[in-house]
Each structure stands twice: as C-alpha cells, then as structure tokens.
Amino acid sequence: MTPEDVLQFARERDVKMVDFKFVDVPGTWQHFSVPIRELEENTFIEGKPFDGSSIRGFQTIDESDMLIIPDPDTAIMDPFTAVPTLSLVCNIAHPGPGMHKKPYSRDPRYIALKAEEYLRSSGIADTSYFGPEAEFFIFDNVRFNSANNIQYAEVDSDEAYWNNSRNGSANLGHRLRVKEGYFPVAPNDTLQDVRSEMALILEELGVLVEAQHHEVGGAGQAEIDIRFNTLLKTADNLMLYKYVTKNTARKHGKTVTFMPKPIFGDNGSGMHVHQSLWSGEKPLFYDSEGYAGLSQLARYYVGGLLTHAPALLGIVASTTNSYKRLVPGFEAPVNLVFSKGNRSAAVRIPLTDCPSAKRIEFRPPDPTANPYLAFSALLMAGLDGVRREIDPSEHGYGPVDRDLYHMPEEELREIRSV
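If you're matching positions, the sequence shown starts at 15 in the working numbering and goes up one per residue.
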C-alpha cells in the first residue's frame, strides 16, 4: 500500500481513530491513538512524536523525544475496537537536528530490516523465509498476588485433570490427563470454537492459517499454525497472532499466556522456527543427494545454528521461565544435534521430497521471544555457518537418527546440550 491507498482504505471504512503500534525491546506491542484527521500522507514521512523514556529498553529521560513512522503496508482494521479504528505498525526514528528521521538502532523492527538487507548484500541468498509454531495456553482463570502478607499464583482450566473432582460442577468427566492433550476431539477438547474464531480473525487480517489444534498440555494448550513468510513480515504476523489470540480469549472471559512453562509437570509452550533461504525462485536448502535432502549450504546453515545455540538462547528463550521448559522429559529440544524427522533433536529436518518445502526447524525457541530479534539472530547465526563453512557433522552435531529422550545415559553424555 501507498500512503494514499491507506487514506482511501480508511475513508471506505469510515475510520474514526488511528492506532499506532510499535514493539519494545522485550517484544511487547505498545500503542497510542489519534483521530483520523491527524493521519495525512505526510505522517508517513514526518511521523508522530512520543516519549521514548517510558518504553522499556529505549531512551533515558534527558533524550526522550522519539518519532514513530507508520508503515503503510501494515494497515488493517482493528477487529477488537468498538470505534472503527485503523491499525498501523510503526518504525522508530530520531527527531533531532542532524538525526531527523534516522532509524533508531534499538528498534527491533529496524534490526529485522537490517538483517534482511544484510542477507541481500551477502551474495548467499536474497530472501529468507520463517515459519514459527507458537504454542500457548488458554486458561479459564488466572489469579496472583505478592503483598506484605501473602504471595501466590494460580492458573485454572476447566479441561485440567485437577478439576475431575471439583465441588459444584455439573459434569466431572471428560478431563484430559497430564500430557494427553494432543489432538483429542470434543468433549475432551472444549476450545475448538475459540481457536477457530482466532484462526478466522487472523485470516480476515491477511495472516494465512494452515491448521489449529489442541496441544499436548491438558490444561487448555493450543497451537495455530500460520503460513511462512519473509523475516519482517513473519515477525509482524506473529505480533498480530498474539494480539488476536489474547483479545479473542478475553472476549470469552479467558486468558491466553505464551509463558513457556506455566504448569509444573506438564508440557511447556515452544515456538519451533522453520527456516529456508532462496535466491530468486530457487530454493537453496534442497539437494536430492544430500542427507535428508539437504544441500551443503543448508548443512552449513545448520552448523551455524548449533554452534551459536547457547548464545542464541539469550534471545530466542529470553525469560527465566524459558529454562523451566528446556529440561529433559517434556519433548523439549535440549540436545545439540540435527536429525531428519526427529523431534528430540534441536534441529529437525522435516521429511519432504519437495524442493520448495525443504527447510530446517530450530526447536529451542519459545514464544516469549521478541520475534524481530529472534528471527534476525537465527538468520545471522545460520549465515555465519555458511560464511565459515561449519559442517555440523565435522563438529560433532550429528546427524543422530535415534530417540534422544531414551538414549542410554553414557551415550547421552557425549552429546552437547543447550
């Protein structure tokens, strides 16, 4: 879209307010709104001012003046506002003399743009595609407090096993047992319609959905798979994914959390990230003669991911709770090897003979990560592997085509862990 296209889009929908969204360093959307008369073509060039000192990870109070610059390609109608509201995702820029409209170096969206620019300048490829699988829990009740005299946290799901003897319930049956929540039908799966509503809203907003289903966690764990796209577009889509799932759940009196490990003893929520590189219309990760159909370039990319995995975790698994998930025994990918079709490895190579579908899946990330920073870091690590020709087999990263979760302890000790 051009700025004029956006203004026409707004006129056709009788927009009253414009909501400017941008992402902070931890990966949360922030926003402020203005009446539609305040949106002009010039706004997409000159931006709108805001206080950068009040945003986590941005400016100190003595240098707090910042600008948002709306991206016209992100224009959508916000599906959750009663007042007709146009939503625009923004980049961050400096306003001052000599710095006017210079991109802000701490803006996560700008970092994603720079990562894509670096890829194009590298000569290795011109396009990177990312496909995240962000899992989440849908809770019926969340309570917590930390005061001078009390401290507690409680989450509850009507589906959870602990409610099979709840007093006052009309029906205590059809509760899912721990770690038995993958793909059950109703009446065990009570959240089908909620997930479908989320998926259809995403589709209406231009985010293509491939599937939605109940996940392994019995207390309302879910996953909605969205179609892969370029790095920046996928990061934008993932932010919208979180916005839609959380607000749809709220409409039903429920709470969505992307916390990696909200329930002790049950599966956590990961964000497995599928990745591939292309040059024009040519997929670069496929070679029919290679292991699992991988090209040598793809192997080097895998080598970069596995070599840098411990450092990557600080970005792709960025909370203390992330490391409650990354433990053995809960389908968590803690073993630094690659393997074909093997979900116990940190890097899985999905089985396919289709060149355009050949990709690698990095499994340690979780959905608390800032997607702009996470995808950029993964791309840089993979490209470093290509640049330095880090073959994973030559560095002890496999392939290991065995169930790593049930490997004898003495053999497992020989495999590095995240």
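Beta carbons are placed, not taken as given, at the ideal position from N, Cα and C, and that holds for glycine.
Using three-state DSSP, classify His266 as helix, strand or coil.
Residue mapping note: residue 266 aligns to position 252 of the sequence shown, counting from 1. Reduced to three states, the DSSP call for His266 is coil.
Asn178 versus Gly187 - alpha carbon distance:
To locate residue 178, count along the sequence shown from 1; it is residue 164. To locate residue 187, count along the sequence shown from 1; it is residue 173. Cα-Cα distance, rounded: 6 Å.
Measuring only the C-alpha atoms, how far is Glu130 from Gln44?
Indexing the sequence shown from 1 puts residue 130 at position 116. Indexing the sequence shown from 1 puts residue 44 at position 30. Distance between the alpha carbons of Glu130 and Gln44 is about 24 Å.
DSSP on Arg377, reduced to helix/strand/coil?
Indexing the sequence shown from 1 puts residue 377 at position 363. Coil.
CB Ser309 to CB Leu319, shorter than 8 Å?
Taking the sequence shown and counting its residues from 1, the one referred to as residue 309 is at position 295. Taking the sequence shown and counting its residues from 1, the one referred to as residue 319 is at position 305. It is not a contact, given that the beta carbons lie outside the stated cut-off.
Fully enclosed by the segment 33-67, which alpha helix (DSSP H) runs are 4 residues long or longer?
57-60
Taking the C-alpha atoms as reference points, what is the distance between Arg134 and Asp140?
Working through the sequence shown from its first residue, we reach residue 134 at position 120. Working through the sequence shown from its first residue, we reach residue 140 at position 126. Roughly 4 Å between the two C-alpha positions.
Hey, out of Arg313, Ser336, Glu424, whose CA is closest to Pro413's CA?
Mapped onto the sequence shown, residue 413 falls at position 399. Closest option to Pro413, Cα to Cα, is Arg313.
Tell me where the beta strand (DSSP E) around Ile363 begins and ends.
Position 349 of the sequence shown holds residue 363. 359-363 is the span of the beta strand (DSSP E), which, as asked, contains Ile363.
Does the segment 320-328 come within contact of the segment 398-417, defined as at least 3 CB pairs closer than 8 Å?
yes
Around the Cβ of Ser290, are there at least 16 other Cβ atoms within 10 angstroms (buried) or fewer (exposed)?
As a first step, residue 290 must be located in the sequence shown, where it is residue number 276. Label assigned to Ser290: buried.
Just how far apart, CA to CA, sit Arg209 and Ile215?
Counting from one through the sequence shown, the residue named residue 209 turns up at place 195. Counting from one through the sequence shown, the residue named residue 215 turns up at place 201. Rounded to whole angstroms, Arg209 to Ile215 spans 10 Å at the Cα level.
Where in the segment 247-324 do unbroken runs of the beta strand (DSSP E), each at least 3 residues long, occur, reported from the N-terminal end onward?
269-271, 285-293
Leu387 and Pro122 closer than 8 Å at C-beta
Within the sequence shown, numbered from 1, the residue matching residue 387 stands at position 373. Within the sequence shown, numbered from 1, the residue matching residue 122 stands at position 108. Going by C-beta atoms, Leu387 is nearer than 8 Å to Pro122.
Selected residue, minimal CA-CA separation from Pro1, among Arg357, Ile75, Leu246
Within the shown structure, residues of the chain are numbered from 15 to 432, placing residue 1 beyond reach of any answer.
Check whether the segment 148-165 and the segment 281-288 touch, using three or more Cβ-Cβ pairs below 8 Å as the test.
yes
Buried versus exposed call for Asp65 [16 or more other C-beta atoms within 10 Å across all chains shown]
The count along the sequence shown starts at 1 and reaches residue 65 at position 51. With fewer than 16 other Cβ atoms within 10 Å, it is exposed.
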